[in-house]
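There are 2 protein chains.
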Amino acid sequence: MLNEISGGVCAAQGFKAAGIRCGVQADASPDKLDLAMILSERECAAAAVYTLNRVKAAPIYVTMDHLENGVAWGVVSNSGNANACCPMSHENAEAMCLFAAQATGREAEDFAVASSGIIGQTINIQAIQTGMPKVASALSAAGSTDAAAAIMTTDTVKKEIAVSFELGGKEIRLGAVAKGSGMIHPNMGTLLAFITTDCAITHEMLEDALREVSAKTFNRVTIDGETSPGDMAVALANGMAGNEQIEWKDEDYNTFCAALDYVCRHLSRSIAGDGEGAGRLVTCRVTGARSEESAERLAKTVVSSALVKAAMFGADANWGRVLVAMGYSKAPFRPEHVDMSFESAAGSVLVCKQGDGLAFDEALAKQILSEKEVVIAVNLNEGEDEAECWGCDLTYDYVRINGDYRT
Amino acid sequence: MLNEISGGVCAAQGFKAAGIRCGVQADASPDKLDLAMILSERECAAAAVYTLNRVKAAPIYVTMDHLENGVAWGVVSNSGNANACCPMSHENAEAMCLFAAQATGREAEDFAVASSGIIGQTINIQAIQTGMPKVASALSAAGSTDAAAAIMTTDTVKKEIAVSFELGGKEIRLGAVAKGSGMIHPNMGTLLAFITTDCAITHEMLEDALREVSAKTFNRVTIDGETSPGDMAVALANGMAGNEQIEWKDEDYNTFCAALDYVCRHLSRSIAGDGEGAGRLVTCRVTGARSEESAERLAKTVVSSALVKAAMFGADANWGRVLVAMGYSKAPFRPEHVDMSFESAAGSVLVCKQGDGLAFDEALAKQILSEKEVVIAVNLNEGEDEAECWGCDLTYDYVRINGDYRT
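Chain order of the listed sequences is Y and P.
In terms of my numbering, the first sequence opens at residue 33 and continues consecutively.
In terms of my numbering, the second sequence opens at residue 33 and continues consecutively.
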């Protein structure tokens, strides 16, 4: 029994958060928050998944190092600069943790650190140093929304969510904030997500849960096929709910994973729907597959296709492009078995049966594809497995935003 | 000694071509030519390379069948409809060859057939049947340009070229027409290219030459990462130049390959520069690599990146995106060894040295990237191998063209 609750990343007992403006990027709007902190009042089991890009931002290496012992107390994160591919980036990522420690009476090793924004320019570490005591003193149980705002780059909406559920009679809370809009492609946590829970769970189990759930949620989002060098998902569990600690892959573990899946799925869909310049959330659901892997690969290729994405922008039921994208996915399937339909709140229209096009109501199809959330439903008619991936349309605004992001 | 000559696909002795309007796509402009024929007056050694997309258009299968014996006389090709993923597509592709045979006094099996355009709608075979005698009677040695025009879809410029060279004192001519603008991504002939030569060469040697050269030319073009189901490159060699037949990989073979490479490289760059909505030709040249394969993979990933392409549209020297794209290419390299510069007719600017950003003249960089042809030059500083791939920028027009292509 899972309930959505308020409070975001502070919903779980013992977690506070804050977001302030410290001026990392001098020419950003004076209202843009750019420094976030999340802190637990107790030590947490900690787990993280990291970008697979060979070019990794310095905060990734620093966080890997700090979380190696499986414990942490908090997260510090800035937007406006990715602290990647520039001199002093490693030193500056370490310095961020040190400043956070000084401002909170903890150790530098107690913090995960994440930066997102421009690549290749040295970060304004003075601004962060000055801002750190301010963000620490702003920490509150009502700070989730400001933290969510402070980690945004080209995002247009804040991403936060929390749920509660029960384990052995104890109420457990699990909350998160995330960011992600451009440079998003499924292959590990290609975004920033900070997840907190008061569940008692070992860091090994937390790591397994995060890895399993990320693979089916964050890794199934694509905005533009780009894997960012700085992105990660971090989970902190402080055990304050008082449940019997999860140490095995038992029923409690499964319950915890279901809650984590709910939270990460929500964030993933928010991220896809808020893709850079996106007008709609595009889901590709592949059913009737011989394996979940091939269903996922097909769905991911479809939502990654520039031509499919442009057709979705135009609300054009160009199903041929979907089939073609499936064709180059390298996943096995028989084109002559494929059924396809487009679905949304406005209805459903079957456009292809056993690989051949059908005559269909173009006006209805246009109406269906003009909704904010649309589904490309593909049935391979070959097995029982399925997968769903999320993306967005390719719009003029994506080109505008990325044609002149840096300068 | 290679000379560029006029005549395109008819430059070689014994080849004629034509392009006419038969009305495959009723609502196209009345000026749009849509049916092309290329015919040799003698039997040709024939070779082809085909799309690797699992979803293949019917003409691919028919051409594979017709060229299996290694000989052919000509090519028939229409634009406006891809003859893919629709009922009767196989029968209609066979019918096109039959009509071509009837109009020229040959056999259906003597023809390669290729269609490009809309996927999933049954082709107007009556229009093609009516048009076939017309295109056959229009065949002429001056017909290359019309044939090039008739195979265009969203292309904005015709692609044709011819060269001459000598083998054993005989002048050999080699010419081609091609099309390709959207749904272009390196993995086999993801475009249409028809190449003719009067060189005497066995079909085995012709096939090897075409395969080797395609891998280094057509397969290094990307417009949008999409591999089309209908694309192919066909080479016809009628032997009329009277040179001693090329039967081995000897010096003559190498001379022939160099000429073929010149022609295919020219077509590849034309296709990249004429990408759907493209404003400029973007070349990524990776040098200092430990293998040509890794250099190619890196260069291909860079020119495929939506974020790099959008930056090129904005003439924004956002080199961080180049490094990030290299990072997710799965090719091995050390980011900390990488030097990078942007180059064009307007000059050259070094932006990154040993993986770290340099302060550089932004105004000069903008000027360099505002040219019609720009080069992203990456030195891995790890070996002697190199490769070059070609793409284009991502523009509002790409989105416009593909947001409403079908309807």
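Glycine included, each C-beta is placed from N, C-alpha and C at the ideal position.
Counting only Cβ pairs nearer than 7 Å, list the residues of chain P close to residue i.
{"i": "F119(Y)", "result": "Sequence check: residue 119(Y) is Pro here, not Phe. Neighbours of P119(Y) on chain P, chain order: D388."}
{"i": "N85(Y)", "result": "V356, G359 and Y360"}
{"i": "Y428(Y)", "result": "Y428 and V431"}
{"i": "L330(Y)", "result": "What L330(Y) touches in chain P: nothing, since even the nearest Cβ is about 10 Å away."}
{"i": "L382(Y)", "result": "The premise fails here: L382(Y) is roughly 13 Å from chain P at the closest Cβ pair, so nothing lies under 7 Å."}
{"i": "L34(Y)", "result": "Going along chain P, no residue has its Cβ under 7 Å from L34(Y), so there is no contact; the nearest lies around 34 Å."}
{"i": "L401(Y)", "result": "Here the premise fails: no neighbours, minimum Cβ distance about 11 Å."}
Comparing alpha-carbon positions, which option in the options lies nearest residue i?
{"i": "G305(Y)", "options": "E141(Y), Q161(Y) and V335(Y)", "result": "V335(Y)"}
{"i": "T229(P)", "options": "G212(P), A409(P), V295(P) and V431(P)", "result": "V295(P)"}
{"i": "H122(Y)", "options": "G320(Y), R297(Y), M96(Y) and S246(Y)", "result": "M96(Y)"}
{"i": "L415(P)", "options": "E283(P), R366(P), V406(P) and G379(P)", "result": "According to the sequence as given, residue 415(P) is Gly; it is not Leu. Checked all of E283(P), R366(P), V406(P) and G379(P); the closest Cα to G415(P) is R366(P)."}
{"i": "D393(Y)", "options": "L382(Y), Y93(Y), C421(Y) and G387(Y)", "result": "L382(Y)"}
{"i": "Q158(P)", "options": "F288(P), V56(P), E283(P) and L426(P)", "result": "V56(P)"}
{"i": "A58(Y)", "options": "A144(Y), I150(Y) and I400(Y)", "result": "I150(Y)"}
{"i": "K211(Y)", "options": "E375(Y), S147(Y) and S38(Y)", "result": "S147(Y)"}
{"i": "I70(P)", "options": "T249(P), D142(P) and L313(P)", "result": "D142(P)"}
{"i": "S380(P)", "options": "A395(P), G387(P), V370(P) and D388(P)", "result": "A395(P)"}
{"i": "S300(P)", "options": "K190(P), D63(P), G201(P) and K281(P)", "result": "K190(P)"}
{"i": "V370(P)", "options": "S376(P), V356(P) and A377(P)", "result": "V356(P)"}
{"i": "Y428(Y)", "options": "E308(Y), A114(Y) and I92(Y)", "result": "E308(Y)"}
Less than 8 Å between C-beta atoms, sequence neighbours within five positions excluded: which residues of the same chain meet that for residue i?
{"i": "A391(Y)", "result": "none"}
{"i": "M33(P)", "result": "F197 and E198"}
{"i": "A331(P)", "result": "R252, C316, R317, V318, V410, A419, E420 and C421"}
{"i": "S364(Y)", "result": "In the sequence under discussion, the amino acid at residue 364(Y) is Pro, which differs from the Ser named in the question. R322 and S326."}
{"i": "V245(Y)", "result": "C289, L292, D293 and C296"}
Excluding the five sequence neighbours on either side, which residues of its own chain have a C-beta within less than 6 Å of the C-beta of residue i, listed in chain order?
{"i": "G40(Y)", "result": "S176, E192, A194, G207 and V209"}
{"i": "F131(P)", "result": "Q161 and M164"}
{"i": "G51(P)", "result": "L65, A68, D178, A179, A181 and A182"}
{"i": "I227(P)", "result": "A208 and A267"}
{"i": "C384(P)", "result": "W351 and M372"}
{"i": "R432(Y)", "result": "none"}
{"i": "F47(P)", "result": "S72 and T228"}
{"i": "G271(Y)", "result": "A232"}
{"i": "C76(P)", "result": "A104, L268, A269 and N270"}
I need the DSSP call for residue i, collapsed to helix, strand or coil.
{"i": "G106(P)", "result": "strand"}
{"i": "L34(P)", "result": "coil"}
{"i": "R312(P)", "result": "coil"}
{"i": "E100(P)", "result": "coil"}
{"i": "V81(Y)", "result": "strand"}
{"i": "K88(Y)", "result": "coil"}
{"i": "D471(Y)", "result": "Residue numbering for chain Y in the displayed model covers 33 to 439; residue 471(Y) lies beyond these limits and cannot be assessed."}
{"i": "M220(P)", "result": "Model confidence at M220(P) stands at a pLDDT of 30, short of 50, so the residue's coordinates are unreliable; what they give is reported in the following sentence. Correct three-state label for M220(P): coil."}
{"i": "S111(P)", "result": "strand"}
{"i": "K211(Y)", "result": "strand"}
{"i": "C296(Y)", "result": "helix"}
{"i": "C424(Y)", "result": "strand"}
{"i": "A43(Y)", "result": "coil"}
{"i": "R74(P)", "result": "strand"}
{"i": "R53(Y)", "result": "coil"}
{"i": "M272(Y)", "result": "coil"}
{"i": "K248(Y)", "result": "helix"}
{"i": "M128(Y)", "result": "helix"}
{"i": "M264(Y)", "result": "strand"}
Which chain P residues are close to residue i, counting only those with a beta carbon under 8 Å from its beta carbon?
{"i": "P367(Y)", "result": "R86, V87 and C117"}
{"i": "L238(Y)", "result": "The contacting residues do not exist; L238(Y) stays about 27 Å from chain P at best."}
Please list, in chain order, the chain Y residues whose beta carbon lies closer than 9 Å to that of residue i.
{"i": "I151(P)", "result": "N350, W351, G352, R353, L355, V356 and G389"}
{"i": "L396(P)", "result": "Within 9 Å Cβ-Cβ: nothing; L396(P) doesn't reach chain Y, min ~13 Å."}
Run down chain P in chain order and give the residues with a C-beta less than 9 Å from the C-beta of residue i.
{"i": "L224(Y)", "result": "Under the 9 Å cutoff, chain P gives no residues; its nearest Cβ is about 16 Å from L224(Y)."}
{"i": "L313(Y)", "result": "The premise fails here: L313(Y) is roughly 17 Å from chain P at the closest Cβ pair, so nothing lies under 9 Å."}
{"i": "L130(Y)", "result": "Result: empty, since nearest Cβ-Cβ is about 22 Å, beyond 9 Å."}
{"i": "L171(Y)", "result": "Within 9 Å Cβ-Cβ: nothing; L171(Y) doesn't reach chain P, min ~32 Å."}
Taking C-beta pairs closer than 7 Å, name the residues in chain Y that residue i reaches, listed in chain order.
{"i": "L16(P)", "result": "Residue 16(P) cannot be examined here, being either before or after the span of chain P that is shown, 33 to 439."}
{"i": "L71(P)", "result": "Those within 7 Å of L71(P) in chain Y number zero; the least Cβ separation is about 31 Å."}
{"i": "L65(P)", "result": "Within 7 Å Cβ-Cβ: nothing; L65(P) doesn't reach chain Y, min ~23 Å."}
Excluding the five sequence neighbours on either side, which residues of its own chain have a C-beta within less than 7 Å of the C-beta of residue i, listed in chain order?
{"i": "E279(Y)", "result": "T234 and M237"}
{"i": "R138(P)", "result": "W105"}
What beta strand (DSSP E) runs, 3 residues minimum, are completely inside the region 321-392 of chain Y?
Counting only runs of 3 or more, we get 371-376 and 379-385.
Which runs of the alpha helix (DSSP H), 4 residues or longer, sit entirely within the region 139-203 of chain Y?
DSSP runs (the alpha helix (DSSP H)) wholly in the region 139-203 of chain Y: 157-169 and 176-182.
Quick one: complete beta strand (DSSP E) runs, 3+ long, within the region 395-419 of chain P?
The region 395-419 of chain P contains these whole beta strand (DSSP E) runs: 405-411.
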